[in-house]
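Numbering (my numbering), first residue to last: 1399 to 2110.
Even glycine gets a Cβ: it sits at the ideal position worked out from N, Cα and C.
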Ligand code: GCW
C-alpha cells in the first residue's frame, strides 16, 4: 500500500513536472512567435546582470497620469524579467538611491539644481545619473510626460542590449514632431496591401470587442517614439465618420492613450454629402465648412487627444476638389480649419495623378504629377495642413529617386510617406530591409538654392522653418502573431521609428539594435542577421528591378509576381518603355518628358546627362539602347542578365547563412525563417528566368555567359 502510494505520488509529481515543463515550453514558444517583437526583455545572464547591479531598486514617480502609470509598470515588469529585480515604487522622494521619473517641472520642485544641458523639445528626454541630497539617482526626465515614457524605453533598450553604462548623461531629441504610422485597414477587417493577417482594429464592419492587440501595438509604437496612428485605409469609407463608428473608435483611442499614441482617421472628401446629407461637398461652401467643424467637435468630444485626418483626394478614383473646380489647398484648408481649434492637423496626400494617361504620348509622365499638382499651390495651405509626399515620384518602387516636390514647397508643411509594408518589395515573403533605401532618400541632397538641403531637413521643416513636419510610415500590421507576417520584416517597422526619431542614425546601428533586441546578443546571430538584413534590399533589387527600370512586377494584379509586360500600354503610367531597341523612360528636359526639370538646378545637372546619371537610376531617367555601356563597363543588357543571376545566387546564399544559426536561436523562428528563405530562393529563380527571358525576347541579344534561353 505504502509502495503504491509512493509510486502514485511519484507519478503525480512526474505528471505535474511534465505539466509545468510543457507550460514553460509553451510560454517560451509563445514568446518566440515574434509577438513580443523587439520588446522581449528576456532574463540576462548573471554576468550581464552584474552590469546593472548599481541601478537603484527604488523608483520614484513624480506624476500620476496614465502615461506615468505606463512608464512605471513597464519599468517594473521589465526589470523583473531582465534583471530578476523587483522595483519598489513610491510617489515621494525620500533620501535614498532612486530612479526618478518626472517632467522637468516636477523635478525642479524636488531638486532645483537639476538642469539639462540643452532645451529638451517635446517628446525628447534626458537620462542623467546624479547625486541628489547625497544619494545616487538616475533621473529620467523630459519636458512632456510622453518624453518620460520614451526615456524609460531608452533605458530598457540599453539594458536589453547589454550596454555597459556606469553613469548616464544622455539627452535625445526627436528630429520632427510628426512620427506617425498609417494603417490601411478597412472596416470589414481586411487590410489593403497588408501581409500580416486581418485587422487588429476591425471585424465585420465594426471595431473589435477585444482590442488587446491594438494596445500591444501602441506599446510597440511608443517604444520607438511613434506618437500617432491613423487607423483606417486612406481609401476611406465615408462611413468611418458615422456617429455610431466614432463612438467605437473611441475605444481604440482609449487603448492607445496610455502609450502616448494619438489616434487619427483617413477621411473621404465627399463625406459631407455621402453621410452628412448635404447636396454638396464643395470645400468652399459654408455648409460644408460647418459640417467639418461640427464633425471635428463631435470627435474631440469623445477623443480629446485626437490627432487629425488624412486625405486622399482626386487620386485613383477617389472624390476630390476637382468635382467643384476647387484646389487641393481649398480642400485641405476646410478640414484644417475645423481641426485647428483642437490642435489637430490634416495630412493631405500628394499622391495625386491621372491613372488614365495616354501611353502613346511619350511626353506623358506620371512622375511629374505630384509636383504639377502641388507646386503651384505652395503658400496656399493653412498651418494645420501638411502635404504628405511619398518618398519617390511613382509609388514605392524598389528604386526611385527622391520626389522633387520635397525641394519645391517652401511655404507649406510637409511630411515624407514611407512604406513599411512591402507592397512592391516582396510582400514580407522576401527579405527586404528598407532602412538603407529610406536613408538614401532622406540623405539625398536637393541642393536647394545651392545649399546642403537633404530631404530629412526639408520634411522636418528645418530648411524652410516650417512649424510642423515629419515622417509617416504605412505599416499595415495585422493579427498574425508576429504582426507583419514575417519576424524579419519587423526590422522595417523598428527602423522606420528609429529613423523618424533620428534620421542620422546609420542603417548598421539600427539593425544592430534590432537584432540584439529581437534575437539576443550571441555574436554569430547578430553578425549573421545584420549581414542578411543589410544586403537584402540590394539582393531583392538585383533580381526584380536593376538600373531603376521601374515596375517589372505584375502591376495590374498582385504587385508581386514578375510581369514586365503589364506595366506598358495602359494608363497607370508605371512605364519602362522597353522595346526592341532599348529600355527606360526618357525623363530628360532635352528630349524626354521634362521631369528632371522639376529638381533644383544642381540635381538636374546630375540626372540630365548620361555621363553623370548614376547607373542604379539610369533607366528611370533615360531611354538607352541595350548595348549602352554603363559606368561599370558592362552593357545594359549584360548587366540585367548578370544582376538577375547574381541576385538569385545571393538569395540561395541566404539559406546557407541562415542554417549557421541552427541551435543559436529558438526553433520556432529558426524554422519559420528558414522556410521563408527557401521559398524566396525559388521565387528569385522565377524572377530571374522571367525577366532574363523577356529581355532576351525583346532585345535578341544573347547572354555572354550563355545562361539565358527562350523557346520562341
Ligand atoms: O501603391 C498604391 C497601392 C494602393 C494604395 C495607393 C495609395 C491605398 O497599390 O493600394 O491605396 O498606392 O497609396 O493610395
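Can you find a heavy atom of ligand 1 that lies under 8 Å from the Cβ of residue i?
i, result
"residue 1710", "yes"
"residue 1582", "yes"
"residue 1968", "no"
"residue 2026", "no"
"residue 1726", "no"
"residue 1714", "yes"
"residue 1793", "yes"
"residue 2018", "no"
"residue 1631", "yes"
"residue 1591", "yes"
"residue 1788", "yes"
"residue 1749", "yes"
"residue 1773", "no"
"residue 1798", "no"
"residue 1753", "no"
"residue 1506", "no"
"residue 1579", "no"
"residue 1872", "yes"
"residue 1821", "yes"
"residue 1978", "no"
"residue 2037", "no"
Using only the alpha-carbon positions, how far apart do residue i and residue j sit?
i, j, result
"residue 2069", "residue 2057", "10 Å"
"residue 1679", "residue 1729", "9 Å"
"residue 1625", "residue 1799", "28 Å"
"residue 1871", "residue 1765", "21 Å"
"residue 1909", "residue 1436", "11 Å"
"residue 1795", "residue 1949", "7 Å"
"residue 1997", "residue 1569", "36 Å"
"residue 2017", "residue 1797", "10 Å"
"residue 2085", "residue 1453", "54 Å"
"residue 1774", "residue 1515", "43 Å"
"residue 1919", "residue 1806", "44 Å"
"residue 1577", "residue 1779", "21 Å"
"residue 2000", "residue 1993", "14 Å"
"residue 1844", "residue 1859", "14 Å"
"residue 1346", "residue 1670", "The chain is shown from 1399 up to 2110; residue 1346 falls before or after that span and cannot be answered."
Applying the 10 Å Cβ sphere with the 16-neighbour rule, what's the burial state of residue i?
i, result
"residue 1421", "At residue 1421, the pLDDT of 35 sits below 50, so the modelled position is not reliable and the matter cannot be decided from this model."
"residue 1426", "Bear in mind that the predicted position of residue 1426 carries a pLDDT of just 36, short of 50, making it unreliable; the figure below should be weighed with that in mind. With fewer than 16 Cβ atoms within 10 Å of its Cβ, residue 1426 is classed as exposed."
"residue 1501", "buried"
"residue 1837", "buried"
"residue 1818", "buried"
"residue 2112", "Residue 2112 falls outside the range modelled here, since the chain spans only 1399 to 2110, and no answer is possible."
"residue 1791", "buried"
"residue 1470", "buried"
"residue 2025", "exposed"
"residue 1486", "exposed"
"residue 2009", "exposed"
"residue 1886", "buried"
"residue 1793", "buried"
"residue 1974", "buried"
"residue 1419", "Note that residue 1419 scores a pLDDT of 38, beneath 50, so its modelled location is shaky; the value from the coordinates is reported in the next line. By the 10 Å Cβ count, residue 1419 comes out exposed."
"residue 1400", "Any reading at residue 1400 must be qualified, since the residue scores a pLDDT of 39, below 50, and its modelled position is unreliable; no value is offered."
Starting from residue i, trace the alpha helix (DSSP H) both ways and give me its first and last residue.
i, result
"residue 1765", "First-last for residue 1765: undefined, no H or E at that position."
"residue 1894", "1888-1899"
"residue 1509", "Premise fails: residue 1509 is in no alpha helix (DSSP H) and is neither H nor E."
"residue 1935", "1921-1942"
"residue 1694", "1684-1700"
"residue 1884", "Neither: residue 1884 is in no alpha helix (DSSP H) and is coded neither H nor E."
Taking the beta strand (DSSP E) that residue i belongs to, which residues open and close that run?
i, result
"residue 1501", "1496-1501"
"residue 1573", "That residue, residue 1573, is in no beta strand (DSSP E); it is neither H nor E in DSSP."
"residue 1662", "1660-1665"
"residue 1540", "1533-1540"
"residue 1529", "1523-1530"
"residue 1815", "1811-1817"
"residue 1725", "First-last for residue 1725: undefined, no H or E at that position."
Would you please verify whether the beta carbon of residue i is less than 9 Å from any beta carbon of chain B?
i, result
"residue 1994", "The question asks about chain B, but that chain is absent: this structure has only one protein chain."
Contact between the stretch 1704-1714 and the stretch 1730-1750 (3+ Cβ pairs under 8 Å): yes
Is the stretch 1656-1667 in contact with the stretch 1630-1637, if contact means three or more CB pairs nearer than 8 Å? yes
contact_flag[the stretch 1612-1624, the stretch 1574-1593] where n(CB pairs < 8 Å) is 3 or more: yes
Does the stretch 1919-1933 come within contact of the stretch 1810-1828, defined as at least 3 CB pairs closer than 8 Å? no
Would you check if the stretch 1951-1969 and the stretch 1728-1742 touch, i.e. whether three or more CB-CB distances between them fall below 8 Å? no
Within 8 Å, do at least three Cβ pairs link the stretch 1586-1605 to the stretch 1548-1559? no
Is the stretch 1515-1534 close to the stretch 1467-1482, with three or more CB pairs under 8 Å? no
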